[in-house]
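Right, one structure below, let's go through it.
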Amino acid sequence: MPTFNFELHELPPEAEMLRQEVREFLRAELPNLSADERPRTWGGHSPEFSKKLAAKGWIGMTWPKKYGGHERSFLERYVVLEETLAAGAPVSFHWVADRQSGPLLLRFGTEEQRQKFLPAITRGELSFAIGMSEPDSGSDLASIRTRAEKVPGGYKVNGTKIWTSNAHLSDYAISLFRTQVVPDKKHEGLSQFLVDLRNTKGITIRPIYDLAGGHHFNEVHYEDAFVPEDARVGKDGDGWKQVTTELGFERSGPERYLSSIRLVLELLNEVGKEPGERAAVLVGRLTAHLNTLRQMSLSVAAMLQAGKSPNLEASVVKDIGTTFEQEIPELVHALIGAEPHLHTGSEFERTLGYLVQHAPSFSLRGGTREILRGIIARGLGLR
Amino acid sequence: MDDLSGLLADTCTRLFTDRVTPALIEATEKGKWPDDLWQAVEEGGLTLPQIPEQHGGAGGTWDHAQVVLSAAGRFAVPLPIAETMVGAWLLSSAGLDVPMGPITVAPTQPSDRLSISRNGGAWALSGTAARVPWGRSAKHVVVLAESGGKLMVARVAGGAAKAEPDTNLALEPRDTLTWSNAPVAAAGTSDSLQPDSLWLAGAMVRAAQMAGGLEFLLSQSVKYVSERKQFGKPLSTFQVIQQNLALLAGHTAAAGMAAQAAFHAMEKGDASFEIACAKIRVGEAAGLGAGIAHQAHGAIGFTYEHTLHFVTRRLWSWRAEFGAEGHWAERLGREVAARGAQALWTMLTSR
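Right, dumping it as structure tokens:
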């Protein structure tokens, strides 16, 4: 049986020095962010904040200098990620570009694409969305039907993408289209494209509101939309391989267990310095889980730094991490029983209100729990 | 993993695979002390990996001890290896030599108190300690005892106490030992000694044993569902079985990480935070893991004939020994709450 390879990893001194610098920056930049705004973090949108972070050299940190990157380690990047998330900084403007789109272009893009996009991303000027899912294919990406049909100079696209977070705010969407129909081989014939969302005719973006009334999701409809040849990422037909690589980038980070940390901190404020027995037990249990998940997540970052592909380990962290961050509002409710609030009430009640409503998404985004456990089961040799 | 860790892991796997048979575990559970196995383990240098060479150990670190204990848990090795490591550590940290042979430690209950006093030119031990692991089998008992308000480490010979035998669920000896002015073979003290030093070390070694036990549950369950057929196909092809074992894999990985972190912190110095985290996290995984493994095995895993229970019975006992999850969670929770919300993230990232 293949086993997991989680090894304890300590951060190097330069990463710890960077941590202090990041903390000072965040304290100065976000003094008035309320507790219930902080859990939004990688859903929170602020181009101004992203530009300031970029100016510090904290976007595209590990990328080559010739593309505007800073050639720093994955462990230093890890520190910036966990500090911004723990502080609840609004990072969604650059999050996808930094985590997925940039690394995807570095690996599969053309030199022209890298020159065009990467430096702009590292300056905090370009925002990306991800166009993978379709109305009839959520996690079953191989069943997508949106067609990109070869025409002179490029492709003509028809179809509909759904759940495209921030499409209405982003400059580009890295989108997966079917460029060939290969009978009985639905993983083949897919290709990825950099779609210019602001300047492409034939694209309609419609909002899909979430159950809390928020607008992150969109439906992106293509009707005879022309996408030029040089917008394709990688070879025609290589989309499946690229997408699975890209999802690997998406599953390894601290964003997969820190979504509810603000509620843990608000819980501490609520129960005070001398909590009762039940509250103390809950605080201790949450701390033990947080600490263990952090060590595991750090271990995955260290594997990336060592040039390994810890896909299995990343799936494990995402599975138990999202389960944990999803449990937090439930456990806090069970302990305190406060009514969750929307815009009134205390910061604790509003933080609870926000997280109770958003927790269902934690085990959906980036691959459902069932899909992840399928990946882990394959790793165990069960399928 | 360094070279010595790899070597220890290989040695343990080879030795335990050959020697720790179901028949041997059964015989031990019926009360027979497995002397040959102990000799082989001791000669293999597996009992004192983290003890300095000048005190009779192998000169390695707590990280190496964790490798051995995890393997011992994986194979349900019926020996007080963990207790020997803790006892030897107490002795060597008080500057005392570590003798050969199995060692156990006392007290293991927060309410028990032992005291030593001068008896002519020598020290003598008095008091009662309940649920002493392997109390009847150990050649030496290392105790943490009070002497005029001061904490001391003392070693007494096994057999110097009146013993009332009992066992835990895994039929490992958990005996009540009573000493009345028993002769002390060696005594000393150390500045680093705290009233909860033994309690912490005990929780830590149990965490490593359980993390190893979980690895066994995972590999054994994967093996079983791949071989066993129902409704015309292997159990492993059923999605719900795959999902459950993936969950077990996650908890096993978390348990391993939490145990590693505790041993590593112990090597560096103050490990009370990591030990509390480990006993909570691993203990929780142990309960969940035993449940999933038994469900995957169906009725056969519930029989004495099948070997699954050698590990699950140990997990059910070990998670409660040296403080269950609730005990450690309350203790840790009080510390975290006392520092306040501002300090939590700083504390997590400074470990």
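Chains as they are written, first to last, in the working numbering: chain A, 172 to 554; chain B, 142 to 492. Think of the CB as a built atom: it goes at the ideal place given N, C-alpha and C, for glycine as much as any other residue.
Judging by CA-CA distance, which residue of the options is the nearest neighbour of residue i?
i: Gly434 of chain B; options: B:Glu476, B:Met398 and B:Leu355; result: Looking at the sequence shown, residue 434 of chain B is not Gly but Ala. Of the candidates B:Glu476, B:Met398 and B:Leu355, the one whose C-alpha sits nearest the C-alpha of Ala434 of chain B is B:Leu355.
i: Ile493 of chain B; options: B:Thr378, B:Leu389, B:Asp238 and B:Gln401; result: In the structure as shown, chain B starts at 142 and stops at 492, and residue 493 of chain B therefore has no counterpart that could be examined.
i: Thr255 of chain A; options: A:Leu312, A:Arg190 and A:Tyr238; result: A:Arg190
i: Val366 of chain A; options: A:Val352, A:His386, A:Val391 and A:Lys357; result: A:Val391
i: Arg456 of chain A; options: B:Ala437, B:Phe414, B:Lys291 and B:Gly329; result: B:Phe414
i: Glu313 of chain B; options: B:Trp179, B:Met226 and B:Pro219; result: B:Pro219
i: Val378 of chain B; options: B:Ser367, B:Asp176, B:Pro248 and B:Thr225; result: It should be pointed out that residue 378 of chain B corresponds to Thr in this sequence rather than to Val. It is B:Ser367.
i: Glu320 of chain A; options: A:Gln363, A:Gly309 and A:Phe388; result: A:Gln363
i: Asp151 of chain B; options: B:His205, B:Asp177, B:Glu194 and B:Gly172; result: B:His205
i: Ser267 of chain B; options: B:Gln436, B:Gln483, B:Gly242 and B:Ala286; result: B:Ala286
i: Leu489 of chain B; options: A:Arg349, A:Gly524 and A:Asn462; result: A:Asn462
i: Leu292 of chain B; options: B:Ser234, B:Ala394, B:Ala479 and B:Gly481; result: B:Ser234
i: Asp144 of chain B; options: B:Ala181, B:Thr202, B:Gly242 and B:Trp179; result: B:Thr202
i: Ala387 of chain B; options: A:Arg554, A:Ile499, A:Glu178 and A:Arg198; result: A:Arg554
i: Gly186 of chain B; options: B:Met241, B:Leu232, B:Ser256 and B:Gly228; result: B:Met241
i: Pro324 of chain B; options: B:Ala440, B:Phe157, B:Gly262 and B:Gly200; result: B:Gly262
i: Leu255 of chain B; options: B:Arg277, B:Trp230 and B:Val282; result: B:Val282
i: Arg427 of chain A; options: A:Lys372, A:Glu181, A:Leu436 and A:Ser468; result: A:Ser468
i: Gln207 of chain B; options: B:Gln401, B:Ala327 and B:Pro248; result: B:Gln401
i: Ile607 of chain A; options: A:Arg465, A:Asn203 and A:Leu418; result: Nothing about residue 607 of chain A can be read from this structure; chain A reaches only from 172 to 554.
i: Met345 of chain B; options: B:Ala406, B:Ala394 and B:Pro163; result: B:Ala406
i: Val246 of chain B; options: B:Trp230, B:Ser258 and B:Arg259; result: B:Trp230
Buried or exposed: where does residue i fall if 16 or more other Cβ atoms within 10 Å of its Cβ makes it buried?
i: Ser321 of chain B; result: exposed
i: Asp207 of chain A; result: buried
i: Pro274 of chain A; result: buried
i: Gly214 of chain B; result: buried
i: Lys406 of chain A; result: exposed
i: Gly550 of chain A; result: buried
i: Phe283 of chain A; result: Note that residue 283 of chain A corresponds to Glu in the displayed sequence, not to Phe. Glu283 of chain A comes out exposed.
i: His514 of chain A; result: exposed
i: Glu195 of chain A; result: exposed
i: Phe443 of chain B; result: exposed
i: Leu148 of chain B; result: exposed
i: Thr508 of chain B; result: There is no way to answer for residue 508 of chain B, as the model of chain B reaches only from 142 to 492.
Below 8 Å on C-beta distance, what does residue i contact in chain B?
i: Asp490 of chain A; result: Ala387, Leu388 and Gly391
i: Thr539 of chain A; result: Within chain B, no residue comes near Thr539 of chain A; the closest Cβ sits about 11 Å away, beyond 8 Å.
i: Met467 of chain A; result: Ala394, Ala395 and Met398
i: Ala313 of chain A; result: Here the premise fails: no neighbours, minimum Cβ distance about 18 Å.
i: Leu179 of chain A; result: Met398, Gln401, Ala402 and His405
i: Val503 of chain A; result: Near Val503 of chain A there are no residues of chain B at all, since even the closest Cβ is about 13 Å away, more than 8 Å.
Name, please, each residue of chain A whose Cβ falls closer than 7 Å to the Cβ of residue i.
i: Ile433 of chain B; result: Per Cβ cutoff of 7 Å: no residues; Ile433 of chain B is ~12 Å from chain A at best.
i: Trp469 of chain B; result: Gly455
i: Gly481 of chain B; result: Leu439 and Lys444
Chain B partners of residue i, CB-CB under 7 Å?
i: Pro210 of chain A; result: Going along chain B, no residue has its Cβ under 7 Å from Pro210 of chain A, so there is no contact; the nearest lies around 14 Å.
i: Glu448 of chain A; result: Glu471
i: Val391 of chain A; result: Within 7 Å Cβ-Cβ: nothing; Val391 of chain A doesn't reach chain B, min ~31 Å.
i: Arg190 of chain A; result: Thr490
i: Ser263 of chain A; result: The contacting residues do not exist; Ser263 of chain A stays about 21 Å from chain B at best.
i: Val452 of chain A; result: Gly467, Ala470, Glu471 and Gly474
i: Val487 of chain A; result: Ala390, Gly391 and Ala394
What residues from chain A crowd round residue i, counting only those whose CB sits closer than 8 Å?
i: Leu489 of chain B; result: Thr458, Leu461, Asn462 and Arg465
i: His447 of chain B; result: Per Cβ cutoff of 8 Å: no residues; His447 of chain B is ~19 Å from chain A at best.
i: Ala478 of chain B; result: Leu439, Val442, Gly443, Lys444, Glu445, Pro446, Ala450, Ala451 and Val454
i: Ser256 of chain B; result: Neighbours of Ser256 of chain B on chain A: none; closest Cβ ~31 Å, over 8 Å.
i: Val363 of chain B; result: Met172, Leu551, Gly552 and Leu553
i: Cys418 of chain B; result: Thr458, Ala459, Asn462 and Thr463
Please list, in chain order, the chain A residues whose beta carbon lies closer than 9 Å to that of residue i.
i: Arg422 of chain B; result: Arg456, Ala459, His460, Asn462 and Thr463
i: Gln383 of chain B; result: Arg544, Gly545, Ile547, Ala548, Arg549, Leu551, Leu553 and Arg554
Taking only heavy atoms of the ligand ATP into account, decide whether any of them is closer than 7 Å to the Cβ of residue i.
i: Val239 of chain B; result: As presented, the structure is devoid of all ligands, the ligand ATP included, so that no description of it is given.
Residues of chain B with CB under 9 Å from residue i, in chain order?
i: Ala257 of chain A; result: Trp486, Leu489 and Thr490
Exercise. If you pair each beta-carbon of the stretch 447-460 of chain A with each one of the stretch 280-296 of chain A, do three or more pairs fall below 8 Å?
Worked result: In the pairwise beta carbon analysis, the stretch 447-460 of chain A is classified as not touching the stretch 280-296 of chain A: fewer than three pairs are separated by under 8 Å.
For this session: Would you be able to state if there are at least three C-beta pairs under 8 Å between the stretch 183-191 of chain B and the stretch 159-171 of chain B?
Result: no
Problem set entry | Those runs of the beta strand (DSSP E) which lie wholly inside the stretch 273-339 of chain A and span at least 3 residues | You should have 299-302, 318-322 and 325-332.
For this session: Taking 8 Å as the threshold, find out whether the stretch 301-315 of chain A comes into contact with the stretch 330-340 of chain A through three or more Cβ pairs.
Result: yes
Exercise. Which ranges would you report for the alpha helix (DSSP H) in the stretch 465-518 of chain A if only whole runs of at least 4 residues count?
Worked result: Assignment of alpha helix (DSSP H) within the stretch 465-518 of chain A, counting only whole runs of 4 or more residues, yields 482-507 in chain order.
Problem set entry | Segment contact flag, the stretch 296-315 of chain B with the stretch 267-283 of chain B, C-beta cutoff 8 Å, min 3 pairs | With the cut-off at 8 Å, the stretch 296-315 of chain B and the stretch 267-283 of chain B touch.
For this session: Would you be able to state if there are at least three C-beta pairs under 8 Å between the stretch 367-386 of chain A and the stretch 336-350 of chain A?
Result: yes
Exercise. Does the stretch 235-246 of chain A come close enough to the stretch 475-491 of chain A that 3 or more CB-CB pairs lie under 8 Å?
Worked result: yes
Problem set entry | Three CB pairs or more closer than 8 Å across the stretch 485-499 of chain A and the stretch 446-460 of chain B | no
Problem set entry | Inter-stretch contact (C-beta, 8 Å, three-pair minimum) for the stretch 325-345 of chain B and the stretch 369-387 of chain B | no
Exercise. Unbroken beta strand (DSSP E) runs of length 3 or more, entirely within the stretch 303-379 of chain B: which are they?
Worked result: 303-305 and 315-329
For this session: Report yes or no: do three or more beta-carbon pairs, one from the stretch 459-470 of chain B and one from the stretch 418-425 of chain B, lie closer than 8 Å?
Result: With a cut-off of 8 Å, the stretch 418-425 of chain B and the stretch 459-470 of chain B count as touching, because enough Cβ pairs lie within range.
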